[in-house]
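Taking my numbering, I'd label the letters of the sequence shown as residues -14 to 269.
Notes to accompany the following structure.
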Amino acid sequence: MKKLPIILLMIHLIIVCLLPMKCMADDVFYVDTDSPISLMIEVLPWDIANQIIPNGKIFTVIDVETGLQFKVQRRAGKNHADVQPLSLEDTKIMKKIYNGRWSWNRRAIITFVDGEMIAASMHGMPHGAGAIKNGFPGHFCIHFLGSTTHRSGKIDTIHTLMILKAGGKIEDYLNELDPYELIKIFATAVNIHDKEILTHTIAKTETQLKLTTILNELTYLGITHMSFLPVEDLNEQILVEIPVEVEFNLANKGKGKKDINFVIRRDSLIDRWYIDGQSFIKEF
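And the structure:
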């Protein structure tokens, strides 16, 4: 089985957080400045990635969590890359990444093409047409920063989170969120069972172990209503309490609905916001 080479692992662990980034408006959050160092992991916008990986291009996909890698070819796609595994062996590796079952779940990946490492996100569900004899019934999608779905033409939030995770930029992104956006990302992280993102949203406390237990049992958290104040009203606050109506599913108790008061706090006016884990424990 193809594993992530040691040199790439070292690069991912050591220099991924050194990339200079700048914030952008709306849903396109970060863009790297041009860098001559080809083996840095870059978080590039779709219009640039689209040129680097044109139709017909063969490149390597590296799964961030498992280190497994496989080759693919881009075959189509206007708003993102529609790709196919290059061979039967590549299909087997991709399926192993998804624990032997195809899934729409998004995963953080690194695309390695012509010496460049670019942060991206893929799902694992064959769909549509496929032309390569690889045992893969169709194609799958790879998203880069700012790319959109073909059907809705909108940016997929989970793909964006996975791209930032692959590029080591989740913390940078969360640093810019207001309390309302933070709650939405928290709920998303619960639903995709991503412990790394969850860890970054919650303030570290002595009750972390108990909170982890609750989050392991919380398999779904849907926001049905949230009370909003103007964001500028929060500028002079270090603690806010936000009423949120949620639907949820607990593995040991089943489905339910309730009102939750999320306590969001920060250490000073210049620090980022965190969800208070102790208050969340009390709610559940």
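Using N, Cα and C, we set each Cβ at its ideal position, and we do this for glycine too.
Computed from a prediction, not measured in an experiment: that's the story for all the values here.
- [ ] Please work out which residues of its chain come closer than 8 Å, Cβ to Cβ, to T186, disregarding the five sequence neighbours upstream and downstream, and give them in chain order.
- [x] Correct list, in chain order: L159, L167, I170, F171, A174, Y259, I260.
Task: N- and C-terminal bounds of the alpha helix (DSSP H) containing M147 - done: Unbroken alpha helix (DSSP H) run through M147: 142 to 151.
- [ ] May I have a chain-ordered list of the beta strand (DSSP E) segments no shorter than 3 residues that lie completely inside the stretch 28 to 88?
- [x] Restricting attention to beta strand (DSSP E) runs no shorter than 3 residues, the stretch 28 to 88 encloses them at 43 to 48, 54 to 61, 66 to 70, ordered along the chain.
TODO: Could you round the C-beta distance between R250 and L224 to whole angstroms and report it? I think they count as a contact, below 8 Å.
DONE: So it is a contact: roughly 4 Å between Cβ atoms.
Task: Simplified DSSP assignment, three categories, for G239 - done: Three-state result, G239: strand.
Open item on the list: So the candidates are F233, M211, D99, N220; which of them puts its Cα closest to the Cα of T204?
Closed with: With distances taken between CA atoms, T204 lies nearest to F233 out of F233, M211, D99, N220.
- [ ] Using DSSP bridges, identify the partner residues of Y259.
- [x] For Y259, which the question treats as bridged, DSSP gives the partners R250.
Task: Buried/exposed call for S106, threshold 16 Cβ in 10 Å - done: Buried: at least 16 other Cβ atoms inside 10 Å.
Open item on the list: Rounding to the nearest angstrom, what Cα-Cα distance links I38 and R59 in this structure?
Closed with: Pairing I38 with R59, the inter-Cα distance amounts to about 7 Å.
TODO: Have a look at the DSSP bridge pairing and note the partners of A309.
DONE: An answer regarding residue 309 cannot be provided, because it is not within the stretch -14 to 269 covered by the chain.
Task: I117 versus I155, G152, V57, residue with shortest Cα-Cα distance - done: Answer by Cα proximity: V57.
Open item on the list: Assuming the contact rule is C-beta atoms closer than 8 Å, H124 and G138 should be a hit. Round their C-beta distance to whole Å, please.
Closed with: Between G138 and H124 the Cβ distance is about 19 Å, and since that is not below 8 Å, they are no contact.
TODO: Please report how far the alpha carbon of K150 lies from the alpha carbon of L29, in whole angstroms.
DONE: Straight across, the Cα-Cα distance linking K150 with L29 is about 13 Å.
Open item on the list: Using only the alpha-carbon positions, how far apart do I148 and L206 sit?
Closed with: Cα to Cα, the separation comes out at about 22 Å.
Open item on the list: Out of Y165, R136, E101, I199, which one is the CA nearest neighbour of N64?
Closed with: Nearest option by C-alpha distance: R136.
Task: Cβ neighbour criterion (16 or more within 10 Å) applied to N201 - done: It counts as exposed.
TODO: Provide the residue(s) that pair with H178 in DSSP beta bridges, ordered along the chain.
DONE: Bridge partners of H178: none, in fact.
TODO: Measure the Cβ-Cβ separation of Q69 and F121 and say whether it is below 7 Å.
DONE: Q69 is a Cβ neighbour of F121, given a cutoff of 7 Å.
Open item on the list: Using CA atoms only, rank isn't needed, just tell me which of N84, H178, G239, L162 is closest to V216.
Closed with: Ranking the options by Cα distance to V216, first place goes to L162.
- [ ] Within 10 angstroms of the Cβ of N119, are there 16 or more other Cβ atoms? Answer buried if so, exposed if not.
- [x] A buried status is given to N119, since no fewer than 16 other beta-carbon atoms sit within 10 Å of its beta-carbon.
Open item on the list: Can you find the residues in the same chain that come closer than 6 Å, C-beta to C-beta, to T190, ignoring five residues on each side of it along the sequence?
Closed with: Excluding residues up to 5 positions away in sequence, G262, Q263 lie with their Cβ nearer than 6 Å to the Cβ of T190 in the same chain.
TODO: Please classify N220: does DSSP put it in a helix, a strand, or coil?
DONE: Coil at N220, not helix or strand.
Open item on the list: For D244, list the residues DSSP reports as bridge partners.
Closed with: According to DSSP, D244 bridges with E230.
Task: Where E202 falls: helix, strand or coil (DSSP) - done: Judged by DSSP in its simplified three-state form, E202 adopts helix.
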